Amino acid sequence: MSKNNEYWQANIRLMIKLLIVWFIVSFGCGILFVDALNTIQIGGYKLGFWFAQQGAIYTFVAIIFIYAKKMAVLDKEHGVDE
Amino acid sequence: MELQTLTYIIVGFTFAVYIGIAFWARAGSTKEFYVAGGGIHPIANGMATAADWMSAASFIGMAGLIAFYGYGGSVFLMGWTGGYVLLALLLAPYLRKFGKFTVPEFIGDRFYSRTARIVAVVCLILASVTYVIGQMKGIGVAFSRFLEVKYEVGLLIGMCIVFFYSVMGGMKGITYTQIAQYVVLIFAYTIPAVFISLNLTGNPIPQLGLGSTLVGTDTFLLDRLDQVVTELGWAEYTTQARLSHVNMFAYTMSLMIGTAGLPHVIIRFFTVPKVKDARSSAGWALVFIAILYTTAPAVAGMARLNLINTMAPEGQEQLSYAERPQWFKNWEKTGLLKFEDKNGDGKINYEASPAKNELVKVDRDIMVLANPEIAKLPNWVIALVAAGGLAAALSTAAGLLLAIASAISHDLLKGVFKPDISEKQELRASRFAMAGAIVLAGYLGFNPPDFAAGTVALAFGLAASSIFPALMMGIFSKKMNREGAIAGMISGISVTLLYVFQHKGIMFVQSTSFMGDMPQNWFFGIEPNAFGAIGALVNFTVAILVYRKFAEAPQDVQDMVESIRIPAGAEHAHDH
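Okay, here's the thing in structure tokens:
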């Protein structure tokens with residue numbers, strides 16, 4: 001089971017990294033630091049406002065596909081794929 | 001062509017398609033009925049999940065909320081999408097590997113306890129029934145408005161359609177119908193947005209249009225919007241927070257974990273062939289959801305600007321009531337838009353100050369529906385929006401009804417009361433349960449309880465505080481025992497219910513509210529709708545404390561948790 005354990009630990013590490021990104025783009029950029037980011041303007045968007053209404057959502061999509069892709073590699077490496 | 005005729009043609013055509021699909025995709029086994037045979041391609045499943053997920057509230061309600069809350073409305077955008085990250089990373093692949101039909105089934109097996117399964121069924125039914133009432137009401141309202149029939153007649157038509165394809169087809173019929181419904185609703189949502197964005201900014205992509213300059217000027221649309229709303233006395237559109245940042249934080253978190261804990265969304269991931277597919281399918285679902293969710297802020301901002309510009313065109317006098325446009329008159333008839341000439345000058349004075357504002361009622365729910373009319377788009381676009389709103393409400397209702405029916409027939413009947421019934425009997429029982437659920441939902445739709453409006457938020461709070469933590473602990477802790485899980489679920493859901501009831505009244509009867517619904521009585525200024533996150537925290541804490549007092553989970557359960565953590569050896573979802 002130690003091999004599976006390694007696989008699980010690698011999975012958890014990847015998950016934590018991605019959840020940190022998930023937290024930063026939504027709760028961080030969209031809520032906690034929104035006022036600071038709003039001083040930066042990108043096109044017609046204030047940056048904090050953009051994260052809250054657009055950027056966070058795009059990042060969420062990217063996070064899921066990155067996870068799916070990296071896990072597929074991890075599955076193969078540890079010989080646990082279907 | 002006349003708008004009414006066009007609406008009948010477009011709505012009638014979409015219904016014919018849904019019914020045709022239902023005939024083609026009849027369910028022949030319990031496996032087809034509960035999980036569509038487990039053979040749905042991840043992209044197709046993603047599309048069906050998106051339709052299942054996006055209800056009348058997303059389609060009709062959300063942009064209206066953002067239009068009036070501005071930045072504060074972001075909680076819905078982030079909350080209702082961020083949950084998919086949690087689903088894809090924390091729940092979907094493992095539940096798919098577990099390979100059974102329902103959420104309570106997982107909780108019952110993982111916590112080796114029939115009681116845990118029953119508690120989960122109760123939580124699931126509470127969350128789903130409160131959610132489905134809102135959908136039925138949405139269906140009735142949408143039908144009555146677009147087809148100009150009575151609310152009751154509209155509701156009845158809607159019930160018959162849902163009955164037809166979900167009782168016959170189960171998950172299989174529902175999945176294929178939802179794919180068609182997604183296509184209808186996404187065109188219905190984006191086409192008007194593209195037109196309006198082109199009109200205002202010259203950019204056909206609404207997501208970019210919102211960040212562009214207005215046609216013929218150097219002024220950014222959002223700057224102009226900020227300027228006009230502040231001139232009229234409202235808070236600045238792009239920075240107005242919803243109560244406080246603490247509250248926005250809790251609200252967003254509640255919606256996220258509520259999304260990840262809602263059973264009708266989770267069971268969608270039992271329908272894909274492989275564990276790998278469960279991960280990517282959540283990604284595809286979010287892509288299809290994001291198309292609507294990133295368009296919504298543009299629809300919201302532009303609708304607000306158009307509304308203000310119509311009432312008080314730049315550099316001109318305010319609109320006189322006698323010259324109000326046709327859409328204004330139509331919506332006045334419904335009572336959702338009201339004018340009161342306070343200063344008696346015959347002009348419509350629209351501003352923030354309650355004493356001077358003469359547009360005394362602008363129901364937020366009319367923004368998406370009235371938007372194409374306000375922007376003077378052709379009739380076929382308006383008819384398409386009607387079909388889209390109906391598709392959104394029907395698809396969500398069907399998904400919820402399936403979750404309820406499978407909890408009753410599979411978890412209660414087969415799992416608890418009559419474990420020895422044959423597959424054929426169970427299939428029949430699940431059809432009866434589905435029919436019963438539709439009749440119950442319809443009854444509640446005909447006699448909507450006072451609390452219908454508050455229920456959607458409650459459904460999220462219930463799912464967030466009961467189901468999500470139990471699932472997570474079941475997967476990420478090998479040793480968590482049944483005592484901890486049961487105590488956690490019960491205390492999480494009770495705390496949430498208590499908080500909502502003490503501020504909103506018991507069963508939302510206002511006079512029984514013993515704490516008053518006002519910010520100074522709120523725990524850290526968190527509004528009741530946002531309390532699911534705290535409920536979930538209570539659930540985790542209680543579960544861990546209770547867990548320490550009892551023996552850890554037996555070895556065979558720990559082995560099962562080992563096995564769901566690795567994709568190898570996954571079979572199609574099966575019974576026993």
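These protein sequences, in sequence, are chains A and B.
Heads up: the first sequence at position 75 corresponds to 75 in my numbering, and the numbers run straight through without jumps.
Heads up: the second sequence at position 17 corresponds to 17 in my numbering, and the numbers run straight through without jumps.
Glycine included, C-beta positions come from ideal geometry on N, C-alpha and C.
Small disclaimer: the values here were computed from a predicted structure and weren't measured.
| Asked | Found |
| --- | --- |
| Residue 46 (chain A) - DSSP class collapsed to helix/strand/coil | strand |
| Residue of B:445, B:541, B:522, B:169 minimising C-alpha distance to residue 489 (chain B) | B:541 |
| Minimum Cβ-Cβ distance from residue 279 (chain B) to chain A less than 8 Å | yes |
| N-terminal and C-terminal residue of the alpha helix (DSSP H) that residue 29 (chain A) is part of | Premise fails: residue 29 (chain A) is in no alpha helix (DSSP H) and is neither H nor E. |
| Closest by C-alpha distance to residue 391 (chain B), when choosing among B:13, B:169, B:167 | B:13 |
| Strand pairing of residue 4 (chain B), partner residues [DSSP] | Paired residue(s): none; residue 4 (chain B) is not in a bridge. |
| Range covered by the alpha helix (DSSP H) that runs through residue 9 (chain A) | 2 to 23 |
| Helix, strand or coil at residue 41 (chain A) [DSSP, three-state] | strand |
| Element boundaries [alpha helix (DSSP H), containing residue 230 (chain B)] | 221 to 231 |
| Extent of the continuous alpha helix (DSSP H) run through residue 60 (chain A) | 56 to 77 |
| Buried versus exposed, by CB contacts within 10 Å (16 or more), residue 550 (chain B) | exposed |
| For residue 270 (chain B) and residue 8 (chain A), the rounded distance between their alpha carbons | 22 Å |
| Option nearest residue 125 (chain B) by Cα separation, candidates B:424, B:51, B:408 | B:408 |
| Backbone CA spacing between residue 304 (chain B) and residue 13 (chain A) [nearest angstrom] | 44 Å |
| Touching by the beta-carbon criterion (3+ pairs, under 8 Å), the region 178 to 196 of chain B and the region 400 to 417 of chain B | no |
| Distance, residue 556 (chain B) Cα to residue 452 (chain B) Cα | Low confidence applies to residue 452 (chain B): its pLDDT is 47, below 50, so where it sits in the model is not reliable, and the reading given next is rough at best. C-alpha separation (whole angstroms): 44 Å. |
| DSSP state of residue 210 (chain B) mapped onto helix, strand, coil | coil |
| For residue 362 (chain B), three-class secondary structure by DSSP | strand |
| Same chain, Cβ closer than 8 Å to residue 10 (chain A), five either side skipped, listed in chain order | 74, 78 |
| Distance between beta carbons of residue 298 (chain B) and residue 470 (chain B), contact taken as under 8 Å | Not quite, the Cβ-Cβ distance comes to about 38 Å (not below 8 Å), so this is no contact. |
| Distance between beta carbons of residue 56 (chain A) and residue 78 (chain B), contact taken as under 8 Å | 5 Å |
| Option nearest residue 336 (chain B) by Cα separation, candidates B:253, B:359, B:397 | B:359 |
| Helix, strand or coil at residue 172 (chain B) [DSSP, three-state] | helix |
| Assigned exposure category for residue 405 (chain B) - 16 Cβ within 10 Å defines buried | buried |
| Contacts that residue 82 (chain A) makes with chain B (C-beta to C-beta distance below 8 Å) | 274, 275, 276, 567, 568, 569, 570 |
| Chain B within 8 Å of residue 57 (chain A), Cβ atoms only | yes |
| Closer than 8 Å to chain B by CB, residue 40 (chain A) | no |
| Alpha carbon of residue 482 (chain B) to alpha carbon of residue 208 (chain B), nearest angstrom | 51 Å |
| Check whether residue 398 (chain B) and residue 174 (chain B) have beta carbons under 8 Å apart | yes |
| Contact with chain B by residue 47 (chain A), beta-carbon distance below 8 Å | no |
| Distance between beta carbons of residue 346 (chain B) and residue 383 (chain B), contact taken as under 8 Å | Going by Cβ atoms, the distance from residue 383 (chain B) to residue 346 (chain B) rounds to 33 Å, so no, they are not a contact pair. |
| Residues that residue 430 (chain B) bridges to, as DSSP identifies them | According to DSSP, residue 430 (chain B) bridges with nothing at all. |
| Residue 342 (chain B) - DSSP class collapsed to helix/strand/coil | coil |
| CB of residue 367 (chain B) within 8 Å of CB of residue 50 (chain B), strictly | no |
| 7 Å Cβ cut-off: residues of chain A touching residue 190 (chain B) | Those do not exist, as residue 190 (chain B) stays about 15 Å from chain A at its closest Cβ, beyond 7 Å. |
| As assigned by DSSP and simplified to three states, the class of residue 166 (chain B) | helix |
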